[in-house]
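Letter by letter, the sequence shown follows residues 0 to 338 in numbering that gives the first Met the number 0.
Read the structure below first, then the notes.
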Amino acid sequence: MKILVTGCAGFIGANHIYYLLDNCKDDEVVGFDALTYAGNLETLETAIKSPRFRFVKGDITDRETVEKLFEKERFDVVINFAAESHVDRSIEDPSVFLRTNILGTQTLMDAARKYEVPRFHQVSTDEVYGDLPLDRPDLMFTETTPIHTSSPYSASKASADLLVQAYCRTYGFPATISRCSNNYGPYQFPEKLIPLMIANALADKPLPVYGEGLNVRDWLYVEDHCIAVDKVMRHGKIGEVYNIGGHNEMRNIDIVKLILEKLGKPESLITFVTDRKGHDMRYAIDPTKISEELGWLPSTAFADGIVKTIDWYLANKPWWERIISGEYAKYYEQMYGSR
Ligand code: NAD
Ligand code: TDX
């Protein structure tokens with residue numbers, strides 16, 4: 000098959016490229032990415048050497064470029080990872096989130112319809128369901144939980160999901176949607192909780208925990224997300240939504256303390272800072288549907304995944320040090336300088 004992976008130079012997209020190249024030897028992969036602040040071609044250095052992979056730079060909202068690509072390549076599958084993905088940035092400036100996450104998805108779907116791509120997969124997020132209370136551990140998100148968004152980011156992802164579902168119903172568009180919980184692992188941009196805390200701890204800088212650090216996230220090792228997306232893309236039922244998560248709920252403060260312990264750094268580095276506006280309290284995914292229908296189960300336990308992740312950041316300092324010393328330093332100062 001010829002597979003288009005958008006957002007291939009970001010965290011999960013790049014991990015997905017490596018998953019496909021390592022495990023799906025009959026597939027040819029084209030990666031498409033606008034190389035925004037979050038995209039990094041260095042991440043694809045090894046992939047680019049493969050004769051089964053080609054990188055194309057472009058923006059998913061650029062209709063002309065997207066259509067030309069689809070006309071030339073005649074893809075069998077499109078997987079849309081491309082997005083603006085950071086909640087804090089969406090609170091500062093929602094516009095680019097709406098453009099990329101909603102209009103970009105529409106542009107890709109229109110091209111897929113025009114060139115009759117047989118299969119389209121939309122990578123969505125558990126954040127479309129809003130949040131759950133801390134005192135009801137029995138509650139989890141299922142695929143029928145109502146959409147109830149909190150941030151401009153989650154609203155933009157939910158809007159894209161609704162559009163995908165509308166295209167399925169109206170045009171018989173052959174799409175699936177997956178909604179995953181928080182990912183962690185190699186190549187995650189250092190603005191996100193786990194790599195940010197690793198980088199700061201290694202530099203003996205304060206670790207900025209929002210509010211009291213009691214918010215709960217349901218963490219999944221990135222490769223398990225890739226395996227799940229691959230299963231949905233090949234075997235999922237057209238028109239269906241699949242939740243992806245590994246029953247691994249943890250409080251932010253406990254993750255931060257664990258990182259400090261693993262790195263041999265003191266808890267005195269923890270600094271409680273002003274909370275995120277509209278901060279979702281708890282996410283928890285019920286993955287029964289994907290487990291029962293597609294036989295997916297997570298394969299990396301958090302205890303192992305977090306060690307692998309910390310080891311990766313230790314072994315790949317140049318990758319993230321180049322990021323945090325560039326444009327990102329300004330972002331960090333703006334977000335955390337007087338928080
Ligand atoms: P990321 O920010 O690391 O990467 C996003 C990539 O998309 C970057 O390479 C960026 O250059 C590219 N991109 C952005 N705008 C683009 C545009 N207009 N045209 C083409 N490319 C563009 O994000 P991520 O964490 O890898 O997330 C990937 C997808 O998975 C997103 O759709 C996100 O909503 C979803 N998701 C992420 C998580 C998570 O924990 N990170 C969890 C669930 C779902
Ligand atoms: O400096 C920080 N301090 C802090 O306490 C940062 C960056 C985060 N946090 C908290 C906020 C959240 O409760 O940690 C938690 C995780 O934060 P993020 O890494 O920003 O992730 P989150 O907001 O949960 O969203 C992530 O998961 C769902 C991804 O960024 C989304 O793209 C995905 O859809």
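We put the CB at the ideal spot given by N, CA and C, even for glycine.
For clarity, every value in this text was computed on a predicted model and none was experimentally measured.
Measuring from the CB of residue i, is there a heavy atom of the ligand NAD at a distance below 7 Å?
i: residue 140; result: no
i: residue 35; result: yes
i: residue 179; result: yes
i: residue 248; result: no
i: residue 294; result: no
i: residue 84; result: yes
i: residue 182; result: yes
i: residue 200; result: no
i: residue 96; result: no
i: residue 156; result: yes
i: residue 87; result: no
I need the straight-line Cα distance from residue i to residue j, nearest angstrom please.
i: residue 71; j: residue 83; result: 27 Å
i: residue 120; j: residue 266; result: 42 Å
i: residue 51; j: residue 224; result: 22 Å
i: residue 210; j: residue 148; result: 20 Å
i: residue 253; j: residue 323; result: 24 Å
i: residue 167; j: residue 336; result: 45 Å
i: residue 106; j: residue 92; result: 22 Å
i: residue 255; j: residue 193; result: 8 Å
i: residue 28; j: residue 16; result: 8 Å
i: residue 302; j: residue 57; result: 38 Å
i: residue 313; j: residue 44; result: 19 Å
i: residue 306; j: residue 200; result: 15 Å
i: residue 130; j: residue 179; result: 14 Å
i: residue 230; j: residue 338; result: 42 Å
i: residue 125; j: residue 207; result: 24 Å
i: residue 101; j: residue 150; result: 14 Å
i: residue 138; j: residue 295; result: 21 Å
i: residue 187; j: residue 268; result: 22 Å
i: residue 61; j: residue 103; result: 8 Å
i: residue 257; j: residue 310; result: 14 Å
i: residue 246; j: residue 63; result: 42 Å
Please confirm whether any heavy atom of the ligand TDX lies closer than 7 Å to the CB of residue i.
i: residue 273; result: no
i: residue 124; result: yes
i: residue 241; result: no
i: residue 214; result: yes
i: residue 113; result: no
i: residue 56; result: no
i: residue 209; result: yes
i: residue 100; result: no
i: residue 41; result: no
i: residue 190; result: yes
My understanding is that residue i touches residue j, with C-beta atoms under 8 Å, so please give their C-beta distance in whole angstroms.
i: residue 326; j: residue 36; result: 6 Å
i: residue 286; j: residue 243; result: 6 Å
i: residue 146; j: residue 157; result: 5 Å
i: residue 7; j: residue 54; result: 7 Å
Relative to the C-alpha of residue i, which residue among the options is closest?
i: residue 212; options: 250, 204, 181; result: 250
i: residue 191; options: 1, 32, 330; result: 330
i: residue 262; options: 202, 236, 281, 240; result: 202
i: residue 226; options: 3, 5, 6, 19; result: 19
i: residue 239; options: 136, 294, 164; result: 164
i: residue 86; options: 230, 183, 155; result: 155
i: residue 74; options: 135, 3, 30; result: 3
i: residue 171; options: 157, 108, 142; result: 108
i: residue 66; options: 23, 187, 88, 111; result: 111
i: residue 217; options: 144, 292, 183, 31; result: 183
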